[in-house]
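Residue numbers (my numbering), protein chains in the order written: chain A, 45 to 357; chain B, 54 to 215. Built from N, CA and C at the ideal position, the CB exists for glycine as well. Okay, structure first, notes after.
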């Protein structure tokens, strides 16, 4: 879940990935090779599997029934601790912006979702943007019932216009697979789409800073070059093909799942940022971006200083 | 899961009731409770609603509750409207010597079906039980300290009058 709004950011930044993929803004197209056609076929298949965002698929009763299981994982396995939920406005739309850790097992998202849902109740609409690939995988349709929708600008707008709280991870697959020794770094890779979204929808941004996720395995490399080599960025919108040491695979390439180590996850929610109120009617997106990153990095540094040992916390 | 504990407080039942029934003071003695806010037009008494949260493990659980029994100064009971299915009851009884037996009962049901719900209920129980015990201790200290302060104030007033 909780994979990013890579395309969201790119498109909101005025860079449409499709523009380069289809060759319309590049050199004249060549006739595609068999391999190219196979990749495109696979990409089309993934696209077809991505469910259309229907916010009505979120099911409060299902969430309520699953909460005990999530609470057990969150409390016992990850010893989750979520602070500052009172900083989130009690009602109305809000854009929750998190740093993302823990590979594809997304422990920080689970810990935060449990805390948010018990704090505000299952009645409060809460959606999370996830990478298309996550939602197209078989066996994960239940994610839609807990409010996970495919990451796209229109889905984000739809969720916020409905008055819901929306959790996004701008760093996405780029950040979630960063090497473990960069675990205490907020790294959105310059993606500013979330700020344009907040400005456009006139909703507050609430930064959500998490630590511990990058200790649930030993993440070695994002494998960006490998992903490019295999054209995964074009086919599956994956900029990375991560390599990590994790259970039970030992060497885990691609991270299609692993057993996370029971690292303590601590999450701090910061006071809401009223982007128009604090930065004026015509704000500089980069200035807001730097502000959000600085606040989150300072908080992450403080959380890191509290930790005595990896995994143990 | 049902959890209860009791304590004898060296104060009359009315003094204990005045604290237990006051929503403004709940956070000062209820262990584990992180929120207890008036939600509605009735601040206290039968039908009063509160938004309450209680920290257990990695989450603050609770929701909207409503006071369903308010028999001053003996019984105060609430039940959940949203969130965790729960019932709570303060039961105050006079005991000889101007003291009061205070009993706190909490009953909750975890919504999840199957093993996870069953496990969560039992794993949370020691924490809830600890909070109930701590709440009674803190309430006892609070009431008895207030009694001492009131007696001291009366003595000072008496001395001044004399």
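Neighbour-count burial assignment, residue i, 16 or more Cβ in a 10 Å radius
| i | result |
| --- | --- |
| residue 302 (chain A) | buried |
| residue 276 (chain A) | buried |
| residue 89 (chain A) | exposed |
| residue 226 (chain A) | exposed |
| residue 234 (chain A) | exposed |
| residue 169 (chain B) | buried |
| residue 208 (chain A) | buried |
| residue 135 (chain B) | exposed |
| residue 318 (chain A) | exposed |
| residue 118 (chain A) | buried |
| residue 198 (chain B) | exposed |
| residue 263 (chain A) | buried |
| residue 170 (chain A) | buried |
| residue 8 (chain A) | Nothing can be reported for residue 8 (chain A), as the shown portion of chain A is limited to 45 through 357. |
| residue 203 (chain B) | exposed |
| residue 11 (chain B) | The shown model of chain B, from 54 to 215, leaves out residue 11 (chain B), and the question about it has no answer. |
| residue 101 (chain B) | buried |
| residue 294 (chain A) | exposed |
| residue 64 (chain B) | buried |
| residue 23 (chain B) | This structure gives no information on residue 23 (chain B), because the portion of chain B shown stretches from 54 to 215. |
| residue 125 (chain A) | buried |
| residue 359 (chain A) | The displayed coordinates of chain A run from 45 to 357. Any statement about residue 359 (chain A) would go beyond what the structure contains. |
| residue 186 (chain A) | exposed |
| residue 195 (chain A) | buried |
| residue 102 (chain A) | buried |
| residue 173 (chain A) | buried |
| residue 206 (chain B) | exposed |
| residue 179 (chain B) | exposed |
Simplified DSSP assignment, three categories, for residue i
| i | result |
| --- | --- |
| residue 228 (chain A) | coil |
| residue 132 (chain A) | coil |
| residue 197 (chain B) | helix |
| residue 213 (chain A) | coil |
| residue 174 (chain A) | strand |
| residue 95 (chain B) | coil |
| residue 208 (chain A) | coil |
| residue 146 (chain A) | coil |
| residue 123 (chain B) | strand |
| residue 195 (chain A) | coil |
| residue 351 (chain A) | coil |
| residue 174 (chain B) | helix |
| residue 109 (chain A) | helix |
| residue 166 (chain A) | coil |
| residue 102 (chain B) | strand |
| residue 127 (chain A) | strand |
| residue 222 (chain A) | coil |
| residue 332 (chain A) | helix |
| residue 180 (chain A) | helix |
| residue 356 (chain A) | coil |
| residue 190 (chain A) | coil |
| residue 77 (chain A) | coil |
| residue 76 (chain B) | helix |
| residue 67 (chain A) | With a pLDDT of 37 at residue 67 (chain A), under the threshold of 50, the predicted position of this residue should be treated as unreliable, though the coordinate-derived value follows. It is coil, neither helix nor strand. |
| residue 324 (chain A) | coil |
| residue 340 (chain A) | helix |
| residue 81 (chain B) | helix |
| residue 89 (chain A) | helix |
| residue 65 (chain B) | coil |
| residue 54 (chain B) | coil |
| residue 185 (chain A) | coil |
| residue 210 (chain B) | helix |
Paired residues, beta bridge with residue i - DSSP
| i | result |
| --- | --- |
| residue 114 (chain B) | B:107 |
| residue 59 (chain B) | B:156 |
| residue 134 (chain B) | For residue 134 (chain B), which the question treats as bridged, DSSP gives no partner whatsoever. |
| residue 139 (chain A) | A:210, A:249 |
| residue 317 (chain A) | A:249 |
| residue 101 (chain A) | Looking at the DSSP assignment, residue 101 (chain A) forms no beta bridge with any residue, so it has no partner. |
| residue 141 (chain B) | B:131, B:159 |
| residue 146 (chain B) | B:154 |
| residue 88 (chain B) | B:106 |
| residue 312 (chain A) | A:127, A:253 |
Check: residue i C-beta below 7 Å from any heavy atom of the ligand NAP
| i | result |
| --- | --- |
| residue 138 (chain A) | You won't find the ligand NAP in this model; it holds no ligand whatsoever. |
Worksheet item: When Cβ atoms are compared, which residues of the segment 230 to 253 of chain A fall closer than 8 Å to chain B?
Response: none
Worksheet entry | Segments assigned alpha helix (DSSP H), at least 4 residues, entirely inside the segment 230 to 310 of chain A | 237 to 245, 268 to 273, 276 to 280
Worksheet item: According to a CB-to-CB cut-off of less than 8 Å, which residues of the segment 141 to 153 of chain B neighbour chain A?
Response: none
Worksheet item: Using a beta-carbon distance cut-off of less than 7 Å, what residues from the segment 143 to 169 of chain A approach chain B?
Response: 155, 158, 159, 162, 163, 165, 167
Item to complete: Could you please tell me which residues of the segment 103 to 126 of chain A, in chain order, have their CB closer than 8 Å to any CB of chain B?
Response: 108, 109, 110, 111, 112, 113, 115, 116, 118, 119, 120, 122, 123, 124, 125, 126
Discussion item. Taking beta-carbon pairs under 7 Å, can you tell me which members of the segment 104 to 117 of chain B lie near chain A?
Written reply: 106, 110, 111, 112, 113, 114, 116
Discussion item. Output needed in chain order: residues of the segment 166 to 180 of chain B with a Cβ under 9 Å from some Cβ in chain A.
Written reply: 166, 167, 168, 169, 170, 171, 172, 173, 174, 176, 177
Item to complete: Please list the residues of the segment 124 to 139 of chain B that have a C-beta atom closer than 9 Å to any C-beta atom in chain A, keeping them in chain order.
Response: 135, 136, 137
Worksheet entry | Contact residues within the segment 58 to 74 of chain B, judged by C-beta distance below 9 Å to chain A | none
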